[in-house]
Every structure is written in C-alpha cells, then in structure tokens.
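Numbering (the working numbering), first residue to last: 1 to 151.
This is the structure:
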C-alpha cells in the first residue's frame, strides 16, 4: 500500500528559477553592451553601415548558451516538462527584459528576468499553474504596454 505524500514545496524551484533568470538576464545585458561598445570602436571611422562579427553572432550565441543553462538547471531543479517551459522562457523573455531595460537599465532587466523565470516555474506546477500563468500574462502585458506606448 502506497502512503500519500505531502506536496513538495514550490519554493526551491521558484527561487532556483529566479536566480537562473537573473544570472542569464544580467549576462545577456552585459554581452549586448559589450557588443555595442565593440561596434562603436570598430565602426568609428566609417560613415556608412558597419557590422562586426559580434553583431551577427551575439543573438544566436546568447540563445544557445541560455538554452543549455536552462536545460541543465531546470533538470536539476525538477522543473518540467522542460519542453513546455524552456521555449517560452527563451522566446518571450526578451519582451519583459527590453521593457525593463528601457525604463531603468540593466538592473531592472535583471530583476525582470528573475521574475519572468520564477513565474514560468510556477506555471509548470499543477497546483500553481493558474497563478503562474496569470502572473506571466500580466508581466507580458505590462511589458507590451511599456514597449509600445505612444510617447
């Protein structure tokens, strides 16, 4: 006879996802800032369009690194199904990050990444799915309002 078990706490998964989201957001902000500085240095003598190899490689490399980190960390934390959590994390996260960055810079973008990852981790749990999806939708809607508001 199998005894019923108490539900596991969602706190370790939510905190782990938030820390991971914050680290990935901070790293992405720093990599994009470095790319901008390198472009300014390399293109300072040209008047026309100028691209560096960093401009071409930064987004695919950032997404590949984030995919690998999320897959490893979410497996260790037991957040799943990863096929349902990681794609929204990667494909929709640039919206809240860009909105937060446009308001207050890299620190706000780092916080937005932590909040976004935490809410998506909540959405992966059966007990907290509606709360997580509602909070994620609210963050996404707020970021769209910030990004596309008329000035």
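Positions of the beta carbon are idealized from the N, C-alpha and C atoms, including for glycine.
Limits of the alpha helix (DSSP H) - the one that residue i falls within
i: residue 79; result: Note, residue 79: premise wrong, no alpha helix (DSSP H); not H, not E.
i: residue 12; result: 11-42
i: residue 129; result: 129-148
i: residue 110; result: 106-123
Burial state of residue i, where buried means 16 or more other Cβ atoms lie within 10 Å
i: residue 50; result: exposed
i: residue 30; result: exposed
i: residue 41; result: exposed
i: residue 61; result: exposed
i: residue 110; result: buried
i: residue 56; result: exposed
i: residue 66; result: buried
Rounded straight-line distance, which links the Cα of residue j to that of residue i
i: residue 95; j: residue 101; result: 10 Å
i: residue 87; j: residue 132; result: 16 Å
i: residue 25; j: residue 107; result: 9 Å
i: residue 34; j: residue 137; result: 31 Å
i: residue 127; j: residue 17; result: 17 Å
i: residue 112; j: residue 97; result: 6 Å
i: residue 12; j: residue 77; result: 8 Å
i: residue 105; j: residue 134; result: 26 Å
i: residue 154; j: residue 75; result: Here the chain covers residues 1 to 151 and nothing more, so residue 154 does not appear.
i: residue 8; j: residue 143; result: 32 Å
i: residue 28; j: residue 47; result: 28 Å
i: residue 114; j: residue 64; result: 19 Å
i: residue 72; j: residue 150; result: 40 Å
i: residue 68; j: residue 81; result: 15 Å
Under 8 Å between C-beta atoms of residue i and residue j
i: residue 99; j: residue 147; result: yes
i: residue 124; j: residue 79; result: yes
i: residue 37; j: residue 52; result: no
i: residue 70; j: residue 89; result: yes
i: residue 140; j: residue 14; result: no
i: residue 91; j: residue 58; result: no
Check whether the stretch 18-29 touches the stretch 113-123, taking contact to mean three or more Cβ pairs, one atom from each stretch, closer than 8 Å.
-> yes
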